[in-house]
Amino acid sequence: MRRLENLLLFLARSLVDEPDKVEVSGRETDSRVDLTLRVASKDMGKVIGRHGRIVKAIRAVMKAASVKVNKRVNVEVED
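Read in order, the letters of the sequence shown are residues 2 to 80 in our numbering.
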């Protein structure tokens, strides 16, 4: 799970203006990893993107990375 958290942290920090305010927390079960991403309020649009395209791309990358650890991943962006 730590690898997935670090990957999400890296992706989010590379997108925002305030990378120090990016936080990732996670919860792991037997077959699933739930990750929550928090960013500064003014960076929320950069992470979500137009019509949610950026967050969809982030979720696709995370899904591809989760295959390696044989778990399903769920990424939520929190206000």
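Glycine included, C-beta positions come from ideal geometry on N, C-alpha and C.
From the DSSP output, read off the bridge partner residues of Arg28. Asp35
Thinking Val23 and Lys72 are a contact (beta carbons under 8 angstroms), I'd like their distance in whole angstroms, please. About 22 angstroms separates the two Cβ atoms, so there is no contact after all.
Using a threshold of 9 angstroms, state whether the C-beta atoms of Leu16 and Ala66 are closer than that. no
Could you give the DSSP three-state label for Val23: helix, strand or coil? coil
Measuring straight from C-alpha to C-alpha, what distance separates His52 and Ile59? 14 angstroms
Among Leu10, Arg28, Gly27 and Met2, which one has its Cα closest to the Cα of Pro20? Leu10
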